[in-house]
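Novice:
Chains as they are written, first to last, in the numbering used here: chain A, 1 to 264; chain B, 1 to 156.
1) In the DSSP assignment, the beta strand (DSSP E) including residue 286 of chain A goes from what residue to what residue?
2) Pick out whichever of A:220, A:230 and A:48 has its Cα sitting closest to the Cα of residue 251 of chain A.
3) I need the boundaries of the beta strand (DSSP E) containing residue 122 of chain A, first residue and last residue.
4) Any idea what DSSP makes of residue 39 of chain B, helix, strand or coil?
5) Under the DSSP definition of a beta bridge, which residues are partnered with residue 81 of chain B?
6) From this set, A:236, A:87, A:13 and A:58, which residue's C-alpha is nearest residue 162 of chain A's C-alpha?
7) What separation, rounded to the nearest whole angstrom, lies between the Cα atoms of residue 137 of chain A and residue 155 of chain A?
8) If you drop the 5 nearest sequence neighbours on each side, which residues of the same chain put their C-beta closer than 7 Å to that of residue 105 of chain B?
9) Against residue 6 of chain B, what residues of chain A qualify as contacts under a CB-to-CB distance less than 7 Å, listed in chain order?
10) Quick one: Cα of residue 154 of chain B to Cα of residue 56 of chain B, how far?
11) Could you tell me which of A:208, A:31, A:195 and A:43 sits nearest to residue 2 of chain A, measuring between CA atoms?
12) Going by the DSSP bridge assignment, what does residue 177 of chain A pair with across the sheet?
13) For residue 53 of chain A and residue 12 of chain B, I'd like the C-alpha separation in whole angstroms.
14) On the premise that residue 188 of chain A lies in contact with residue 124 of chain A, defined as a C-beta separation below 8 Å, what is that separation, rounded to the nearest angstrom?
15) Quick check: the Cα distance between residue 140 of chain B and residue 37 of chain A, rounded to an integer number of angstroms?
16) Quick one: which chain A residues come within Cβ less than 7 Å of residue 72 of chain B?
17) Okay, do the stretch 177-185 of chain A and the stretch 211-226 of chain A touch, 3+ Cβ pairs below 8 Å being the bar?
18) Given a cut-off of 7 Å, decide if residue 86 of chain B and residue 193 of chain B are closer than it, judged by their beta-carbon atoms.
19) Could you tell me which residues DSSP pairs with residue 133 of chain A in its beta bridges?
20) Is there at least one Cβ from chain B nearer than 7 Å to residue 138 of chain A's Cβ?
21) So residue 74 of chain A is in the beta strand (DSSP E); what residue range does that whole segment cover?
22) Leaving out five residues on either side along the sequence, give the residues of the same chain with a beta carbon under 8 Å from the beta carbon of residue 232 of chain A.
23) Does DSSP classify residue 140 of chain B as helix, strand or coil?
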């Protein structure tokens, strides 16, 4: 990879300052996407600003009716923490499905959603559970966070501090994984909570999206049969050697049905 | 522009001057000449590079040396003591859990992380845990048997 300056700030203000001073700086969390990308020379930041020491970004806690996950929390921790397993098991299961054990020992929720890979799992959770993303500057509703292919609503020098997940009445995540990478060819988070039913799909399009027709049908009757008549369009869906757009459209319906059964 | 990285490596305090772009696997293999850890795919998939950082298994081809400043690193070389194989290594020998041996250090280091948190794993738990370790030779069945036997030996 190309050379860069490595910095390890001790506080959030220091991290933001370093980012503003850098010519083309990037924040580093677990590095499970950033390091491979730099090894392939697909990105060459002038500065890497390592967020590992920032206490403001650590930890999982329950607050009112929400689970708040610090941005540098590793997937292994989300998968194994008792509060998450008890109160939001769909989120723990999603975290456990990411990559492999070694990737889960380093990869973080903040890194995942800031990168916004179209096939990442966490975006489905953020949108499918109606989460709120807290940054050092503001809060961003999950529905507004993912804006395009590898694109988010984050400003330059803005970094994610935590993600707050409201605890639903019921939820489930179902993924049809790529057998090698375990990324989602199609991954679906279905939840029913205070603000109704959410169906969020990752892997199928340039970024995570909701399926309002399915949400309305499930709000009336939370059962897989109500989805039978709903056609999913393959327009705008991803097409690659792993799955055609038509197959992804088919998989969306299958995964949503399975998620509804699992959540019931 | 080199920086100094200080770590505990297999129980010994060491340090090295490296470029920030130096990968952890390069630090281990090239600076400290511990070549039991291997570079297979170099793209975070195969697990030949798995080592322990502060007790957790990680893919050393996907970490920078500078990221582990101050950490406790263990490699495959830390297992055998005074010429005696670690029970997990012995199990791989007994149960023919390797052929060419290229994936084996990574598999064993990965398995030891599983055992540390789950001393008596089921076959499915072992197979799921090995998601990040690829073997071209064995077809995995003897690897799973060896891990199961190694775990049992470590329990006694």
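Heads up, the beta-carbon is just placed ideally off N, CA and C, and yes, glycines get one too.
Fair warning: this is a prediction, and the values are worked out from it, not measured in the lab.
Specialist: Let's see:
1) Residue 286 of chain A is absent from the model: chain A starts at 1 and stops at 264.
2) A:230
3) Note, residue 122 of chain A: premise wrong, no beta strand (DSSP E); alpha helix (DSSP H) at 122-128.
4) coil
5) B:84
6) A:58
7) 9 Å
8) 36, 37, 38 and 76
9) Neighbours of residue 6 of chain B on chain A: none; closest Cβ ~13 Å, over 7 Å.
10) 18 Å
11) A:43
12) A:184
13) 24 Å
14) 7 Å
15) 30 Å
16) Residues of chain A passing the Cβ test: none, with the nearest at roughly 14 Å.
17) no
18) The displayed coordinates of chain B run from 1 to 156. Any statement about residue 193 of chain B would go beyond what the structure contains.
19) A:140 and A:163
20) no
21) Where residue 74 of chain A is concerned, there is no enclosing beta strand (DSSP E), given that its DSSP letter is neither H nor E.
22) 211, 249, 250, 252 and 253
23) coil
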